[in-house]
Structure formats: structure tokens, C-alpha cells
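Protein chains in written order, with numbering that gives the first Met the number 0: chain A, 0 to 125; chain B, 0 to 407. First comes the structure, then the notes that go with it.
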Amino acid sequence: MLKKIEAIIREDKVNDVMDGLNEIGIVGMNLFEVRGHGRQGGVQLVGRAGTYQVNLLPKIQVNIVLNERNLEAAINAIIKSAYTGETGDGIIFVMPVDDVIRIRTQEQGPGAMIYPGDIDERKKKR
Amino acid sequence: MDYPISAGDTGWILVCCSFVLLMTPALAFFYGGMVRRKNVLSTLTLSFIFMSLIGVQWILYGYSLAFGPDIKGLIGGLDFLGFRGVGAEPNPVYAKTIPHQLFAAFQMMFAVITPALITGAFVERVKFKSFLLFSLLWATLVYDPLCHWVWGQGGWLKEMGVLDFAGGTVVHIAAGFSALAFALVIGPRKGHGSFPIEPNNIPLTVLGTGLLWVGWFGFNAGSALAANGVAVNALVTTNTSAAAAGLVWMLLSWLDGRPSTLGIATGMVVGLAAVTPASGFVTPLAAMVIGAVAAPLSYYSIRLRERRRLDESLDVWACHGMASTWGMIAAGFFATLSVNADGANGLFFGNPAQLGIQLIGVAVTIAFAFGMTYLMARMLHASIGLRVSPIEEEVGLDISSHGERSYS
Chain A
0 MLKKIEAIIR EDKVNDVMDG LNEIGIVGMN LFEVRGHGRQ GGVQLVGRAG
50 TYQVNLLPKI QVNIVLNERN LEAAINAIIK SAYTGETGDG IIFVMPVDDV
100 IRIRTQEQGP GAMIYPGDID ERKKKR
Chain B
0 MDYPISAGDT GWILVCCSFV LLMTPALAFF YGGMVRRKNV LSTLTLSFIF
50 MSLIGVQWIL YGYSLAFGPD IKGLIGGLDF LGFRGVGAEP NPVYAKTIPH
100 QLFAAFQMMF AVITPALITG AFVERVKFKS FLLFSLLWAT LVYDPLCHWV
150 WGQGGWLKEM GVLDFAGGTV VHIAAGFSAL AFALVIGPRK GHGSFPIEPN
200 NIPLTVLGTG LLWVGWFGFN AGSALAANGV AVNALVTTNT SAAAAGLVWM
250 LLSWLDGRPS TLGIATGMVV GLAAVTPASG FVTPLAAMVI GAVAAPLSYY
300 SIRLRERRRL DESLDVWACH GMASTWGMIA AGFFATLSVN ADGANGLFFG
350 NPAQLGIQLI GVAVTIAFAF GMTYLMARML HASIGLRVSP IEEEVGLDIS
400 SHGERSYS
């Protein structure tokens, strides 16, 4: 089973999250600059004369497709590296993925999601 | 009678002329940074098109209407159409030591930037064709006559003794109150007040501020029309007022939250606009007071405008109109013959009458500029329309008016 993680994180936590995921061997991911808000609501900015409220905040969305067996490890890595304890730390969505096809090799299914040196290869070695 | 040309004066005013030209693209950057990214090119164009538009108008007839031989104190005659007779010989009425053509070219740069200032009122929604027509009408029916009244030989406000060294009335009050009138007619941008309309690129505004400050030396110190002590004093007062206003604005912004970069830049420009009419008549310490008072005046004018939900989008009225109104009044207090023997004493130097004259100058300029602009804008609004369609506004004027985008 393949799963997809969409993690919305703080802009300033991007490098921490990438490092955290790399550490456990999650290497394939896409990053998006997104704007939105959850419980944090917005933030107050200073304008020309006085302040104003901005409701949509810049965030980074990290998309990862991976085998279900690695899901928990990935989620834990993201939580560990994106956490500050303040509102605005973000949120993680998990959803099923029907299929994966690698364009260059036409590999299909979960096997297409294995990278040299990734979390699965490391498990094998052990 | 022959007037010998001074190489020093001519060299200095040639430089000033170039500096003041630079202020128009500087203003384009100043404004361009404060709009949304879909309207950057449009906003830049609204300013710098005047280098072309007035660059032609001024040669053809603008200079003649403003500075031609006086007709009843109201307008210049047509003797200088096409710069005819405006050549290397000095015109002793205006500047004895530089070529007449240089005086005319220096004045052209003022005529270029003034209508560009107004564009801050209607960015992100104005129809380009209507804007061009309005601008040409405004230059012809507001700027040229007003310029004649205040600076033209025989102009009625000049004869009355109104002190306006470098354009407090002609440039800043005229532009500021015209902006207010235009904003009332064209109405707010879509969504104004319901969501924040954020500046796309404050660094661009900071760049514009820096270039404006430099250009302002040409604007104010150049208005001495000579490389002399009055020019130096004007340069120092200009710098001092801008510095003080920037500091005070920073403090006001800090008290309301944080010392905002956009706020500091705004304060600096406010200080520059405020000291303009007084720069050649007052001392550096008086200029410090002028800048320090101008900052809260404009700051709370912006607040007032926001509370009234008026979308005078880039605060031309608050930052130029109100600041220079104060600068004109301040000249009535602080002007001293010890700074400029061709000026006058103000109230603090034993001449309370000057304050009254200044107030008349301000009131006439406000009434004339506001009234004429309101009338012209209303007429254009009712005929060819001032606004782009709602969908064009939504898409942004870069694409819908100019078929380009700033960033791709």
C-alpha cells in the first residue's frame, strides 16, 4: 500500500524537516510554497501608518509518497523536526495513493518508490 | 542690456535639472513597490509616462502658458510656443546668470513630476486612456495657470507676496488635493476595506525613497537658480526636514507596533514635501521643526483617511498635500531675510502679515486644484469612464491594460 503525506509546516522549519526525513532515509519529496491558515488565524503586520491583520500566512507544504510501512517513522520525523509548541506549527494529512509509475523506467506500484540508500534498503542491511 | 552667463550657476542648474528628472522614475519605484504584483508595471507607467507626455507638452505650449509674458496676472502669453526665443540668452526676469532655455528645462522637470504624484490616488483601477486625457487636461488647465500665478512674472499670487520656494503650492498641495478629489470620484479599489491590500515589494519603495531624496536636492537647492548660499541652505534644510520626519515617523510606527521600513520611507518623503516651500527661506533648525511636525500631521491624516474608508490609495493627499500645507504655513512663521534677502520675514521675525499671505496662497491652491480636478474627473467619469471593468481590475492592469506582466 502506498500513502501520501501532505505536511503543512512553518517556512523556517523546512531545513529541519528535510534533515529529519533524510536522517531516517526518506529521500523523495516535493515542496510547495502555500498560503493559508488553521487555528492560528492570522498575524498582525505594520503598515505605513499603524497595523493591519493578515489572515493567510505563508507556509510550506511537503508532499511525500511512501510505502505504508514507513508512514509512522516519517510522521514521527516530521513532528519531531517541525515542532515548536506554538500555534502555527502546522498539520499533517495522510491519504491513500492508487498507483505510481516512474516515467523513465516505467516501474509501477510500490516498487517504483524505492531509492538507493533509502529507509527500506537500510532495513534490509540490518 | 546684456547679462553674462555664469558657468558655475549654469553647471549647477544643469545638474539639478537632471536630478529632478530622476525623481519621476524614483517616484515610479516608490509607488510601484506599494501596489499588488499584478499592477506594478501599470503603476510604474502611470508615473514615468509623464517624461514623454509633459516632455512634449512643455516644449509646445506648457512653458509659454506658465512663464510667458503675463496676461492680467492669470496666465502666460503665447510668445514662447515651441520654445521660440527661449535660447542661450538669460531671461533676467527669472534667472539672470543662466540660459533662458536652462531655466525652462529645469521648470519642465517640475511639470513632469507633479501630475505623476497624483497617480497614487487611482492606481490599480484607472483606465489608461482616460488617465492620459485627464493628465493632459490637468497639466494645461491646473498646473500651467497655477505655476504662472505663483512663479510667473506678474502672476497674482507672486505679486501678493506668497512665499513658495520650490513648489509647496504648485507641486505638492496641487497634486495632493487633486489626488483627494480624483479618489472621491473614481471610488475605491475592489475589495478595499474588506481585505488588506499589501505592498508587493517594499525594497522597491525604499529604492525610490533614496532616489527621491537625492533628486530633492536638485528640486529645492536648484530652485535658488544659482550656485550660491541660498542653494546650500536649501540643500541643508531639505536634508534636515527629511531626517527629522523619518525619525519621528519611525517613533510613531514603533508606538503602534514596530518601526516599519515602509513607515520610515514614508516619513522621509513627507519631510521632503513639507520643507519644499520653505527650504530657501528658513534656517536648518526651523527645518527640523517643519519635518518633526509634518510627520504626525501626515501620519494621522492617513489614519483619518482610512477611518473614512476613502481609497486615496497611496496617500498623496496625506503625504504631499497636508505636509506641504504645513510647510507653506511654516514659511509664514519661520521665514527670515537673514537666510534669503529676496524672501521675506515671517511671524517669528516681526512680520505677521506674511502668515496671512501664506494662508491665502494655500487656500487658493487647494480650492483651485481640488475644484478643477473634481470637475474634470466627474466629466470624464460620466463620459468615457475613469475605471477599467471589474474583470480587468481583478486580472490586474499589467495584463489588462498593457498586455505584459512584471514577473514571469
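We put the beta carbon where it would ideally sit given N, CA and C, even for glycine. In this text the structure is predicted, and so the values were computed from the model without any measurement.
Under the Cβ distance rule, Thr118/B does not count among the residues neighbouring chain A, no pair being separated by less than 8 Å. Shown here, Asn90/B sits in a strand according to DSSP, grouped into three states. Listed in chain order, the non-local C-beta contacts of Gly228/B below 8 Å within the same chain number zero, local neighbours out to five positions each way being set aside. Using a CB distance cut-off of 8 Å, Tyr114/A does not count as an interface residue toward chain B. In this structure, the alpha-carbon of Thr42/B lies about 13 Å from that of Ser399/B. Membership of Tyr51/A in the beta strand (DSSP E) is indicated by the continuous run Thr50 to Val53. In the displayed model, Glu311/B falls within coil according to three-state DSSP, outside both helix and strand. Three or more beta-carbon pairs separated by less than 8 Å link the stretch 177-195 of chain B to the stretch 370-381 of chain B, which places the two stretches in contact. Using a Cβ-Cβ cut-off of 8 Å, Arg302/B counts as an interface residue toward chain A, since at least one Cβ of chain A sits closer than that to its own.
Rounded to the nearest angstrom, the gap between the Cα atoms of Ala173/B and Glu403/B is 32 Å. Excluding the 5 residues flanking it on each side, Val361/B has same chain C-beta neighbours closer than 6 Å at Thr324 and Met327, in chain order. By the rule that beta-carbons nearer than 8 Å mark a contact, Asp310/B does not touch chain A.
Cβ-Cβ separation between Pro389/B and Lys189/B: approximately 6 Å, consistent with a contact (criterion under 8 Å). Taking 8 Å as the cut-off, the beta carbon of Ile301/B is found closer than this to the beta carbon of Asp314/B. Secondary structure of Pro24/B (DSSP, three-state): helix.
In terms of beta-carbon proximity, Ser252/B lines the interface with chain A, with at least one pair separated by less than 8 Å. Taking all protein chains in view, the Cβ of Val281/B is crowded by 16 or more other Cβ atoms within 10 Å, so the residue is classified as buried. The alpha helix (DSSP H) runs of length 4 or more contained entirely in the stretch 52-115 of chain A are, from start to end of the chain, 70-81. Of the other Cβ atoms in all chains shown, fewer than 16 fall within 10 Å of the Cβ of Phe31/A; this residue is therefore exposed. Close to chain A, meaning a Cβ-Cβ distance shorter than 7 Å, are the following residues of the stretch 250-284 of chain B: Ser252, Asp255, Gly256, Arg257, Ser259, Leu261, Gly262 and Thr265. By the criterion of at least three beta-carbon pairs nearer than 8 Å, the stretch 25-36 of chain B is in contact with the stretch 210-217 of chain B. Listed in chain order, the non-local C-beta contacts of Ala277/B below 8 Å within the same chain comprise Leu162, Phe164, Gly167, Thr236, Ala285, Ala286, Ile289, Gly326, Met327, Ala329, Ala330, Phe333 and Ala334, local neighbours out to five positions each way being set aside. Note that the C-beta distance between Gly108/A and Asp98/A is below 8 Å.
By alpha-carbon distance to Met249/B, the top candidate from Leu234/B, Val269/B and Asn232/B is Val269/B. In the same chain as Leu251/B, and ignoring 5 residues on each side of it, the C-beta atoms closer than 7 Å to its own belong to Ala294, Pro295 and Tyr298, in chain order. For Arg404/B, the three-state secondary structure derived from DSSP is coil. Within the same chain, and ignoring the five residues on either side of Ala291/B in sequence, the residues whose Cβ sits closer than 6 Å to its Cβ are Ala243 and Val247. The beta-carbon of Gly46/A is placed less than 8 Å from the nearest beta-carbon of chain B. Identification of chain B residues near Tyr51/A by a Cβ-Cβ cut-off of 7 Å yields Pro195, ordered along the chain. A straight-line Cα-Cα distance of about 6 Å links His36/A and Leu55/A.
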